[in-house]
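Protein chains in written order, with my numbering: chain A, 1 to 116; chain B, 117 to 232. Where is the CB? At the ideal position from N, CA and C, for every residue including glycine. Keep in mind it's a predicted model, so treat the numbers as computed, not measured. Scroll down for the structure; my scribbles are underneath it.
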């Protein structure tokens, strides 16, 4: 089975401050990990993914995420938040050992609110 | 700029009516996903196709929902009969899965369904 948890329903941060959106996962093998963002009245947009290699993954709009195998985490980060980053963020996981029939499993989402 | 398109964008219907939602995946993509998003349940996977064959529809209520891909350029999701609890935003997503590494999904803008 594969699952992902986003422990915070909402994260508030002031513009210019660093932000972190937390994600932990559970898979039977090794994971493929993803972050997506959803702006109001829009579909989800791909931000970044971890497949293999460097634990620090860089993605769109200045976001990055750090894969931590021992803590089974994949937290999303940005050094300096913008008001335009305010949106709903989803973490997703897929078990690398899966034979291929299973799709991504998404977390419940975290609403990021960046205050001016 | 290739995009997933969905029609209609909004649908209001009465309980008991049939609803058909359509999705045009990005040309060349070989996987199609249907998701439902509600405030209470978050993002739920309803069905998943690869090369037009259904791989997983375990998330879909079989008694009233059906999903098909008549051809590579069209995916449909039908609800018959519709119920108020089906009110949600329905997203279609497509992707090109050439290997277990390539699991990015591209989401359409969604169909907002209201059943009264």
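The Cβ of residue 181 (chain B) sits no closer than 8 Å to any Cβ of chain A. In the structure shown, the three-state DSSP call for residue 31 (chain A) is strand. For the 8 Å CB-CB criterion, residue 93 (chain A) and residue 105 (chain A) form a contact. Using beta-carbon distances, residue 106 (chain A) counts as an interface residue toward chain B, with a partner under 8 Å. Counting the other Cβ atoms within 10 Å of the Cβ of residue 222 (chain B) gives 16 or more, which makes it buried. Remark: C-beta atoms of residue 18 (chain A) and residue 79 (chain A) approach each other more closely than 8 Å.
For residue 12 (chain A), the CB contacts under 6 Å within the same chain, skipping 5 residues up- and downstream, are 113 in chain order.
Interface flag for residue 42 (chain A) against chain B is set, since a Cβ pair is found closer than 8 Å. Residue contact check for residue 109 (chain A) against chain B: a CB pair falls below 8 Å. Across the region 220–232 of chain B, CB contacts with chain A closer than 8 Å involve 220, 221, 222, 223, 224, 225 and 226, in sequence order along the chain.
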